[in-house]
Amino acid sequence: MANLEQLFQEACQRNDVDGVKSLYSKHPNLLDEIIKACQRSDDPLLITACLPGSLEAAKEMARLWPQLASIKNQRGETTMHLLSTDGDAEMVQTFGEINRELCLEVDNSSMIPLHRTALEGNSDVIRALVSICPESLEKLTSNGETALHLAVKKSRADAFQALVDEAKSHRKEHLFTWKDKEGNTVLHLATLNKLKQIVELLIRENSNRRIMIRINTVNKQRQTALQLCNANSQDSAFKEIGYIIQQAIAQQYPQLPADGTANSRRNQTRWPIQTRNVLLMVVVTIAAAFFTVACNLPDSLLREDTLAVKTLHADKDDVLSKLPTVVYIMIFNSAGFLSTMFAIVLLVWPLHLRTFVLFLVICTAIVYILLADEIIPKFYVKVGKSSISSNGLVWSLVLALILFGMAVLSMGKFTLSFWRFICLRRNRTNPRGNSLEDLHEITAL
51 MANLEQLFQE ACQRNDVDGV KSLYSKHPNL LDEIIKACQR SDDPLLITAC
101 LPGSLEAAKE MARLWPQLAS IKNQRGETTM HLLSTDGDAE MVQTFGEINR
151 ELCLEVDNSS MIPLHRTALE GNSDVIRALV SICPESLEKL TSNGETALHL
201 AVKKSRADAF QALVDEAKSH RKEHLFTWKD KEGNTVLHLA TLNKLKQIVE
251 LLIRENSNRR IMIRINTVNK QRQTALQLCN ANSQDSAFKE IGYIIQQAIA
301 QQYPQLPADG TANSRRNQTR WPIQTRNVLL MVVVTIAAAF FTVACNLPDS
351 LLREDTLAVK TLHADKDDVL SKLPTVVYIM IFNSAGFLST MFAIVLLVWP
401 LHLRTFVLFL VICTAIVYIL LADEIIPKFY VKVGKSSISS NGLVWSLVLA
451 LILFGMAVLS MGKFTLSFWR FICLRRNRTN PRGNSLEDLH EITAL
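In our numbering, the protein residues as written are 51 to 495.
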């Protein structure tokens with residue numbers, strides 16, 4: 051058996067396709083013996099045969115005995131693992147086309163071939179593996195690491211760039227926010243390893259909206275990447291990386307000073323979040339009040355029917371004076387309710403669970419509309435040759451009321467801004483003409 055294995059190796063090393071075919075035709079039933087011999091060895095027969103210049107012979111052996119490509123050695127490595135480690139992109143492409151599942155086989159260290167080549171830093175092999183099996187980008191090691199994490203840990207900048215390009219092209223941007231078992235993202239690891247080039251790459255791609263990273267994400271030690279830099283501020287490399295991250299935060303949050311510390315940033319950014327939470331609570335409470343009003347109208351209002359006829363003529367009747375009180379209540383109540391629904395959408399839009407909240411808002415709005423349809427009295431208003439139902443009239447007036455309210459608020463905001471501009475202009479022209487109290491009043495506007 052050893053002589054036969056050696057004959058196969060020599061035929062592959064000579065790239066002798068005919069020799070491989072001849073040996074196979076003479077010994078077609080020896081696959082089990084070959085597999086057992088391969089499993090006892092650190093390097094399977096197909097691996098030792100796959101030397102540079104033996105591509106065609108190795109392909110022929112893999113075609114004749116495809117099971118050989120899946121055999122693992124004592125370290126749990128398949129042909130694809132060892133080829134990926136050796137950096138032979140052409141062989142990787144060849145065997146990947148024969149059996150793409152080889153790209154997802156794990157060794158005894160829970161690593162797939164992409165993890166191994168990320169550690170070695172071979173960009174060509176990375177592109178070949180991902181082109182064969184894009185899902186391999188999402189596979190994790192036993193420590194919860196992606197290939198991106200491994201490339202950063204080993205300071206493989208070129209390999210990391212290749213992985214970034216592949217992740218973007220296959221729309222797997224979520225990998226850049228993935229945390230390993232220590233809670234570290236690739237930005238954390240790049241900062242810890244003082245890899246300025248990779249940090250700059252992540253920040254640049256994030257600012258261009260090509261990938262998504264969360265600069266203020268914390269690890270299990272409750273530290274952001276910027277806090278890691280501040281904790282090692284004596285090191286010049288950490289200082290440079292910290293400055294890069296500070297500039298990125300300054301662009302993302304222009305209201306904050308670019309030179310603030312991590313703690314001051316956190317304290318300053320906490321207020322907008324608290325304000326939004328308070329507003330959301332108030333708006334939800336108001337929306338609940340509007341909904342409760344619609345559900346609990348007095349029976350006297352629901353039974354009220356001041357219309358002698360079910361059709362009003364706009365050119366003959368005073369329509370507004372003849373409408374039941376419940377119609378006016380539903381107009382203002384509906385305008386308030388829909389406005390609060392819109393406000394809730396605006397407030398929850400930055401949240402990650404906004405899809406679920408939007409679904410609830412839509413369902414609540416639909417229930418309210420169906421409820422209002424049952425409450426509104428049924429009649430028609432005739433305008434010329436056309437007529438509009440009571441529901442159509444109410445919802446038209448609701449929309450008009452909302453638009454009118456928005457216009458009034460916008461006009462008020464514009465008026466205040468214009469008045470402030472005039473006051474500031476007057477103050478610049480006559481700097482001593484205003485007291486300190488006047489200046490405070492102008493600023494408050």
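Ideal Cβ positions, reconstructed from N, Cα and C, are used throughout, including at glycine.
None of the values given here were measured: they were computed from a predicted structure.
- Judged by pairs of C-beta atoms under 8 Å, the stretch 428-442 does not touch the stretch 410-417, as fewer than three such pairs exist.
- Annotation for Lys-432: the continuous beta strand (DSSP E) segment containing it runs 430-433.
- Each residue's CA atom was taken as its position, placing Val-377 and Asn-383 some 10 Å apart.
- Ile-121 and Glu-140 have their C-alpha atoms roughly 20 Å apart.
- For Asp-157, the CB contacts under 7 Å within the same chain, skipping 5 residues up- and downstream, are Arg-125, Gly-126, Glu-127, His-131 in chain order.
- Here Val-236 is near Val-202, since their CB atoms are less than 8 Å apart.
- By the neighbour-count definition (other C-beta atoms within 10 Å, threshold 16), Val-332 is an exposed residue.
- Excluding residues up to 5 positions away in sequence, Thr-144 lie with their Cβ nearer than 6 Å to the Cβ of Lys-109 in the same chain.
- Under the three-state reduction of DSSP output, Ser-192 falls in the coil class, being neither helix nor strand.
- In this structure Ala-209 is in contact with Ile-176, their Cβ atoms being roughly 6 Å apart against a cut-off of 8 Å.
- Around the CB of Met-461, fewer than 16 other CB atoms lie within 10 Å, so the residue is classed as exposed.
- In this structure, Leu-278 keeps its C-beta atom at 8 Å or more from the C-beta atom of Thr-227.
- Along the stretch 372-418, the alpha helix (DSSP H) occurs as fully enclosed runs of 4 or more residues at 375-398, listed in sequence order.
- Taking the Cα positions, Cys-153 is about 9 Å away from Val-142.
- Judged by their CB atoms, Ile-294 and Val-249 are nearer to each other than the 8 Å cut-off.
- The three-state reading of DSSP puts Ser-159 in coil, since its state is none of H, G, I, E or B.
- Note on geometry: alpha-carbon atoms of Ala-107 and Ser-205 lie some 36 Å from one another.
- Burial is judged here by how many other beta carbons sit within 10 angstroms of a residue's own beta carbon; Met-380 has at least 16 and is buried.
- The DSSP-derived three-state label of Ser-439 is strand.
- If the five residues before and after Glu-170 are omitted, its C-beta is found closer than 7 Å to the C-beta atoms of Thr-135, Gly-137, all from its own chain and listed in chain order.
- Residue burial is scored here from C-beta neighbours: Phe-464 has fewer than 16 other C-beta atoms within 10 angstroms and is therefore classed as exposed.
- Residue state for Ile-265 is assigned as coil, using DSSP reduced to three classes.
- Note on geometry: alpha-carbon atoms of Arg-326 and Pro-184 lie some 40 Å from one another.
- In the three-state reduction of the DSSP assignment, Ser-350 falls in the helix class.
- Counting other Cβ atoms within 10 Å of its Cβ, Arg-259 stays below 16 and is therefore classed as exposed.
- The criterion of a C-beta distance shorter than 8 Å is not satisfied by Glu-255 and Lys-222.
- In the DSSP assignment, Lys-231 falls outside any alpha helix (DSSP H) and carries neither an H nor an E.
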